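Residue numbers (the numbering used here): 8 to 330.
Cβ atoms here follow ideal geometry from the backbone N, Cα and C, with glycine treated the same way.
All values reported here derive from a predicted model rather than from experimental measurement.
I have placed the structure first, in the form of structure tokens, so that the comments after it can refer back to it.
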């Protein structure tokens, strides 16, 4: 029987990753590589998983309140607010532009409010350095860049520029803090090791937001962003020994959106440059990211069925009396 204990906020990594994969297939469709049906199916799946995740997570209000001030878990709550912007920009806008605009504006506002609140919480807290992890990118950096791309997609270019600025400056500030923690402190504990994949995300997510603003043109700025992105993707190979030692947990969904964003930007660069074999390269990228996320999705289903997915409460320590 599946065990359902405390539902951690990184449950929202599931719809976020699926929406990211839908974005990759959407880019492939834009360049005439794949049919639109795959994108639509993934968006529907991501939407359903997002709703289910909201129901499960919000079923324990006391846990939600505790997570809001938990310096490890609180950044992941932002994914509940960021994902609907992706779904609206990718899936709703072509069919109901006004509804998409409303959804984007509502969740953009909530993302900014939560980003401001959690920034204040980190200052007011304060945060112990060992508790800082790459998930700290999510509320303001991922939130800012995704909001920028979504706002631009629904016709709010100026707002897209504002949100790009929010994401960019937070990337510089928060990214420096995260790198300092990773450089001068011991390696993250095992449950947080998957968040190292998020280190690869800011550059490609920034690229996608910038491409939305400039019409997917390769220029000096997109090249500068790509240079740093390549560095952090290569760094991921050094983490492989740590990744391969991990037991499967909900944290594995940290790999999905980060690498989906990398794949999305790779598709844009390949199809803008059109090198020899660009179609084969495109399918290689598309197939690799799809297999990765499909594998994590199937492993998630197996773990849920076996009752091994949700974290179990730690049993209280036995107290021995003294004579």
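Give the DSSP-derived three-state secondary structure of residue i in the structure shown.
{"i": "residue 208", "result": "coil"}
{"i": "residue 175", "result": "helix"}
{"i": "residue 246", "result": "coil"}
{"i": "residue 254", "result": "coil"}
{"i": "residue 38", "result": "coil"}
{"i": "residue 217", "result": "helix"}
{"i": "residue 317", "result": "coil"}
{"i": "residue 303", "result": "helix"}
{"i": "residue 79", "result": "coil"}
{"i": "residue 287", "result": "helix"}
{"i": "residue 74", "result": "helix"}
{"i": "residue 17", "result": "helix"}
{"i": "residue 187", "result": "helix"}
{"i": "residue 229", "result": "helix"}
{"i": "residue 27", "result": "helix"}
{"i": "residue 192", "result": "coil"}
{"i": "residue 67", "result": "coil"}
{"i": "residue 282", "result": "coil"}
{"i": "residue 234", "result": "helix"}
{"i": "residue 222", "result": "coil"}
Please classify residue i: is it buried, with 16 or more other beta-carbons within 10 angstroms of its beta-carbon, or exposed?
{"i": "residue 329", "result": "Reliability of the predicted coordinates at residue 329 is poor, the pLDDT of 42 falling under 50, and no value is obtained from them."}
{"i": "residue 44", "result": "exposed"}
{"i": "residue 124", "result": "exposed"}
{"i": "residue 10", "result": "Its pLDDT being 47, under 50, residue 10 is placed unreliably in this model, and the coordinates cannot settle the point."}
{"i": "residue 17", "result": "buried"}
{"i": "residue 271", "result": "buried"}
{"i": "residue 187", "result": "exposed"}
{"i": "residue 131", "result": "exposed"}
{"i": "residue 281", "result": "exposed"}
{"i": "residue 214", "result": "buried"}
{"i": "residue 55", "result": "exposed"}
How long is the line joining the alpha carbons of residue i and residue j, rounded to whole angstroms?
{"i": "residue 13", "j": "residue 316", "result": "11 Å"}
{"i": "residue 237", "j": "residue 79", "result": "27 Å"}
{"i": "residue 15", "j": "residue 71", "result": "9 Å"}
{"i": "residue 127", "j": "residue 144", "result": "15 Å"}
{"i": "residue 161", "j": "residue 190", "result": "40 Å"}
{"i": "residue 185", "j": "residue 133", "result": "15 Å"}
{"i": "residue 291", "j": "residue 222", "result": "25 Å"}
{"i": "residue 58", "j": "residue 22", "result": "9 Å"}
{"i": "residue 244", "j": "residue 295", "result": "16 Å"}
{"i": "residue 227", "j": "residue 220", "result": "14 Å"}
{"i": "residue 74", "j": "residue 247", "result": "29 Å"}
{"i": "residue 314", "j": "residue 254", "result": "14 Å"}
{"i": "residue 327", "j": "residue 196", "result": "With a pLDDT of only 46 at residue 327, under 50, the local geometry of the prediction cannot be trusted, and no value is derived from it."}
{"i": "residue 157", "j": "residue 90", "result": "10 Å"}
{"i": "residue 178", "j": "residue 234", "result": "15 Å"}
{"i": "residue 37", "j": "residue 192", "result": "44 Å"}
{"i": "residue 285", "j": "residue 66", "result": "47 Å"}
{"i": "residue 110", "j": "residue 118", "result": "12 Å"}
{"i": "residue 34", "j": "residue 64", "result": "31 Å"}
{"i": "residue 310", "j": "residue 164", "result": "43 Å"}
{"i": "residue 140", "j": "residue 267", "result": "20 Å"}
{"i": "residue 167", "j": "residue 312", "result": "42 Å"}
Just to check my reading of the structure: residue i and residue j have Cβ atoms closer than 8 Å, yes? What is that Cβ distance to the nearest angstrom?
{"i": "residue 20", "j": "residue 260", "result": "3 Å"}
{"i": "residue 98", "j": "residue 50", "result": "4 Å"}
{"i": "residue 146", "j": "residue 172", "result": "At roughly 16 Å, the Cβ-Cβ gap does not stay under 8 Å, so residue 146 and residue 172 are not in contact."}
{"i": "residue 211", "j": "residue 148", "result": "The Cβ separation is near 12 Å, so there is no contact."}
{"i": "residue 300", "j": "residue 263", "result": "5 Å"}
{"i": "residue 92", "j": "residue 154", "result": "6 Å"}
{"i": "residue 174", "j": "residue 216", "result": "7 Å"}
{"i": "residue 85", "j": "residue 150", "result": "6 Å"}
{"i": "residue 31", "j": "residue 288", "result": "That pair is no contact at about 14 Å."}
{"i": "residue 198", "j": "residue 258", "result": "6 Å"}
{"i": "residue 279", "j": "residue 225", "result": "5 Å"}
Jot down the residue ranges of each uninterrupted beta strand (DSSP E) in the stretch 146-173, minimum 3 residues, whole runs only, in chain order.
-> Within the stretch 146-173, no run of beta strand (DSSP E) at least 3 residues long lies entirely inside it.
Which ranges does the alpha helix (DSSP H) cover as unbroken runs of at least 4 residues, wholly within the stretch 102-140, from first to last along the chain?
-> Listed in chain order, the alpha helix (DSSP H) runs fully inside the stretch 102-140 are 104-131, counting runs of at least 4 residues.
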